[in-house]
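Enquirer: What follows is a single structure, and I will ask about it in a moment.
2 protein chains.
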Amino acid sequence: MKDTRPKLIGLLKEGYCTPQIARMAKKLQEPSTTLQYNIKKLEEEGAIKAYKAIFSYKKIDEGFVAFLLINLAPEEYGDPEKIGKEISKLKEIESVDIVTGGWELLVKVRTKDQETYYQLVKNVISRKGINKITTITSLMQLKSEFVAGQ
Amino acid sequence: MKDTRPKLIGLLKEGYCTPQIARMAKKLQEPSTTLQYNIKKLEEEGAIKAYKAIFSYKKIDEGFVAFLLINLAPEEYGDPEKIGKEISKLKEIESVDIVTGGWELLVKVRTKDQETYYQLVKNVISRKGINKITTITSLMQLKSEFVAGQ
DNA sequence: TATATTATTGAATAATATTCAATTATAAAC
DNA sequence: GTTTATAATTGAATATTATTCAATAATATA
Chain A
0 MKDTRPKLIG
10 LLKEGYCTPQ
20 IARMAKKLQE
30 PSTTLQYNIK
40 KLEEEGAIKA
50 YKAIFSYKKI
60 DEGFVAFLLI
70 NLAPEEYGDP
80 EKIGKEISKL
90 KEIESVDIVT
100 GGWELLVKVR
110 TKDQETYYQL
120 VKNVISRKGI
130 NKITTITSLM
140 QLKSEFVAGQ
Chain B
0 MKDTRPKLIG
10 LLKEGYCTPQ
20 IARMAKKLQE
30 PSTTLQYNIK
40 KLEEEGAIKA
50 YKAIFSYKKI
60 DEGFVAFLLI
70 NLAPEEYGDP
80 EKIGKEISKL
90 KEIESVDIVT
100 GGWELLVKVR
110 TKDQETYYQL
120 VKNVISRKGI
130 NKITTITSLM
140 QLKSEFVAGQ
């Protein structure tokens with residue numbers, strides 16, 4: 000048996016989806032060519048960035064979620080983007096925001112389990128320039144971006 | 000001129016997209032019927048929940064992001080899900096997590112601007128059972144869920 | 001080893017997106 | 001207000017794609 004599913008999931012996370020124009024046309028009672036035209040415009044303007052599949056994370060072994068509140072070392076205050084962009088490169092990092100308040104960065108991480116998360120923080124995220132990390136572990140996701148009706 | 004675009008965006012946020020099986024088949028060098036079969040299985044198992052468009056939030060007037068760290072009143076400790084689920088219903092709420100650490104709930108909000116956000120918190124989110132809200136405003140999103148290569 | 005179940009695949013069909021040209025609506029210039 | 005240019009809407013034709021179905025292969029179960 001071939002193992003196509005992980006490859007499929009990988010592609011569907013990147014994109015490899017497309018709008019269902021005919022279905023929308025029926026729903027909105029508009030000609031499909033009109034919707035086609037408007038969707039293409041949204042794409043060209045950059046309003047639509049991609050079309051992707053939304054997964055049930057538990058079912059694809061990415062059920063663990065944590066938020067990191069990060070304090071940078073004083074010498075990094077001037078350029079939080081540098082460290083932020085570094086961290087952004089990791090596939091386990093779902094979001095990185097430069098924020099106001101008591102911290103400089105807020106990072107959302109998604110991994111298979113707590114053990115994987117621990118290794119990630121220990122080996123990769125902790126680094127020079129980061130002064131302190133406050134971890135907030137998610138016990139239950141009541142709502143998650145892009146996933147309605149959970 | 001008809002105003003189809005907001006309606007389009009509404010539908011594309013819900014779903015109304017579909018995988019591009021032929022494109023994936025080319026990429027993976029597999030017969031499209033094999034992928035069809037495997038995708039259908041993923042859908043039936045609930046691993047894939049939906050197919051949606053990913054937007055550039057600034058371009059669709061949803062550029063403001065804030066995180067709320069919420070402390071519940073002691074009498075609500077036993078059932079954080081109740082308030083969490085209430086809050087989840089709002090369309091401006093992107094995620095709600097029950098968390099460990101110094102807070103009970105972590106909520107991510109996305110609105111047009113700070114003014115809209117303020118009204119939302121003032122009128123809707125603040126309520127009996129919530130003791131204290133610590134707001135973390137996002138100054139810049141370096142990475143955002145599902146949107147790669149920003 | 002035999003049997004049942006699950007997965008893979010090609011050919012035929014149905015559905016869909018896309019292209020294109022014509023028409024209509026809107027905005028800009030005079 | 002009229003003319004001109006630009007942008008948006010649409011139907012018909014075409015190209016592409018998803019889907020169905022039946023046959024085969026692979027795997028698991030008895």
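Chains A and B, in that order, are what the protein sequence lines are.
So in numbering that gives the first Met the number 0 the end of the first sequence lands on 149, straight run, no missing numbers.
So in numbering that gives the first Met the number 0 the end of the second sequence lands on 149, straight run, no missing numbers.
C-beta: ideal position from N, C-alpha, C; glycine also.
As the structure is a prediction and not an experimental result, all values here were calculated from the model.
So, using beta-carbon positions, are residue 46 of chain A and residue 92 of chain B closer together than 9 Å?
Expert: As a first step, residue 46 of chain A is located in the first sequence; it is residue number 47 there, counting from the start. As a first step, residue 92 of chain B is located in the second sequence; it is residue number 93 there, counting from the start. The answer is no: Cβ separation not under 9 Å.
Enquirer: How is residue 87 of chain A classed by DSSP in three states: helix, strand or coil?
Expert: Here residue 87 of chain A corresponds to residue number 88 of the first sequence, with the count starting at 1. Residue state, collapsed to three classes: helix.
Enquirer: Apply the 10 Å Cβ neighbour rule to residue 18 of chain A and answer buried if 16 or more other Cβ atoms are within range, or exposed otherwise.
Expert: Here the question's residue 18 of chain A lines up with position 19 in the first sequence. Buried is the call here.
Enquirer: Quick one: what's got a C-beta closer than 7 Å to residue 16 of chain B's C-beta in the same chain, skipping five residues either side?
Expert: Reading the second sequence from its first residue, position 17 is the one you call residue 16 of chain B. Result list for residue 16 of chain B: 50, 51, 52, in chain order.
Enquirer: Can the beta-carbon of residue 67 of chain A be found less than 9 Å from the beta-carbon of residue 37 of chain B?
Expert: Reading the first sequence from its first residue, position 68 is the one you call residue 67 of chain A. Reading the second sequence from its first residue, position 38 is the one you call residue 37 of chain B. Not a contact, by the Cβ cut-off of 9 Å.
Enquirer: Tell me, please, which residues DSSP counts as bridged to residue 53 of chain B.
Expert: Translated into positions along the second sequence, residue 53 of chain B becomes position 54. BP columns for residue 53 of chain B point to A/49.
Enquirer: Against chain B, which members of the region 6-17 of chain A pass a CB distance test of less than 9 Å?
Expert: 6, 7, 8, 10, 11, 12, 13, 14, 15, 16, 17
Enquirer: Taking 9 Å as the CB-CB limit, is residue 32 of chain A close to chain B?
Expert: Looking up residue 32 of chain A in the first sequence gives position 33. Cβ-Cβ to chain B under 9 Å: no for residue 32 of chain A.
Enquirer: How many Å lie between residue 124 of chain B and residue 137 of chain B at the Cα?
Expert: Taking the first residue of the second sequence as position 1, residue 124 of chain B is located at position 125. Taking the first residue of the second sequence as position 1, residue 137 of chain B is located at position 138. Near 18 Å, if we compare the C-alpha coordinates of residue 137 of chain B and residue 124 of chain B.
Enquirer: Give the straight-line distance between the Cα atoms of residue 74 of chain A and residue 82 of chain A, rounded to the nearest whole angstrom.
Expert: If you number the first sequence from 1, residue 74 of chain A lands on position 75. If you number the first sequence from 1, residue 82 of chain A lands on position 83. Rounded to the nearest angstrom, the two C-alpha atoms are 12 Å apart.
Enquirer: Run through chain A and tell me which residues come within less than 9 Å of residue 62 of chain B, C-beta to C-beta.
Expert: As a position in the second sequence, residue 62 of chain B is number 63, starting the count at 1. Within 9 Å Cβ-Cβ: nothing; residue 62 of chain B doesn't reach chain A, min ~12 Å.
Enquirer: The alpha helix (DSSP H) with residue 31 of chain B in it runs from where to where?
Expert: As a first step, residue 31 of chain B must be located in the second sequence, where it is residue number 32. Note, residue 31 of chain B: alpha helix (DSSP H), 31-44.
Enquirer: Comparing alpha-carbon positions, which option in B/26, B/42, B/41, B/21 lies nearest residue 32 of chain B?
Expert: For this step, residue 32 of chain B is matched to residue 33 along the second sequence. The candidate whose alpha carbon is nearest that of residue 32 of chain B is B/21.
Enquirer: Secondary structure at residue 17 of chain A, three-state DSSP: helix, strand or coil?
Expert: Here residue 17 of chain A refers to the residue found at position 18 of the first sequence. The answer is strand: DSSP assigns residue 17 of chain A an E or B state.
Enquirer: Measuring only between beta-carbons, confirm whether residue 46 of chain A sits less than 9 Å from chain B.
Expert: In the first sequence, the residue the question calls residue 46 of chain A occupies position 47. Interface residue, yes.
Enquirer: Are the beta-carbon atoms of residue 105 of chain B and residue 87 of chain A separated by less than 9 Å?
Expert: Along the second sequence, read from residue 1 onward, the residue named residue 105 of chain B stands at position 106. Along the first sequence, read from residue 1 onward, the residue named residue 87 of chain A stands at position 88. No, the pair does not count as a contact, with Cβ atoms beyond the cut-off.
Enquirer: Could you check the C-alpha separation between residue 54 of chain A and residue 5 of chain A for me, to the nearest Å?
Expert: Here residue 54 of chain A refers to the residue found at position 55 of the first sequence. Here residue 5 of chain A refers to the residue found at position 6 of the first sequence. Going from the Cα of residue 54 of chain A to the Cα of residue 5 of chain A covers about 13 Å.
Enquirer: What is the DSSP secondary structure of residue 3 of chain A, reduced to helix, strand or coil?
Expert: Walking along the first sequence from the start, residue 3 of chain A turns up at place 4. Reduced to three states, the DSSP call for residue 3 of chain A is coil.
Enquirer: What does DSSP give as the partner residues of residue 109 of chain B in its beta bridges?
Expert: Locating residue 109 of chain B in the second sequence gives position 110, counting from the first residue. DSSP, once it has assigned bridges, lists B/64 as partnering residue 109 of chain B.
Enquirer: Assign residue 65 of chain A to buried or exposed, taking buried as 16 or more other Cβ atoms, counted over all protein chains shown, within 10 Å of its Cβ.
Expert: Here residue 65 of chain A corresponds to residue number 66 of the first sequence, with the count starting at 1. The residue is buried, with at least 16 neighbouring Cβ atoms inside 10 Å.
Enquirer: Between residue 94 of chain A and residue 144 of chain B, how many whole angstroms is the CB-CB distance? I'm expecting something under 8 Å.
Expert: Locating residue 94 of chain A in the first sequence gives position 95, counting from the first residue. Locating residue 144 of chain B in the second sequence gives position 145, counting from the first residue. Going by Cβ atoms, the distance from residue 94 of chain A to residue 144 of chain B rounds to 5 Å, so yes, they are a contact pair.
Enquirer: Find out if the Cβ-Cβ distance for the pair residue 120 of chain A, residue 134 of chain A is shorter than 9 Å.
Expert: If you number the first sequence from 1, residue 120 of chain A lands on position 121. If you number the first sequence from 1, residue 134 of chain A lands on position 135. Yes, Cβ-Cβ distance for residue 120 of chain A and residue 134 of chain A is below 9 Å.
Enquirer: Kindly identify the DSSP beta-bridge partner or partners of residue 70 of chain B.
Expert: Within the second sequence, the letter at position 71 stands for residue 70 of chain B. Answer is B/131.
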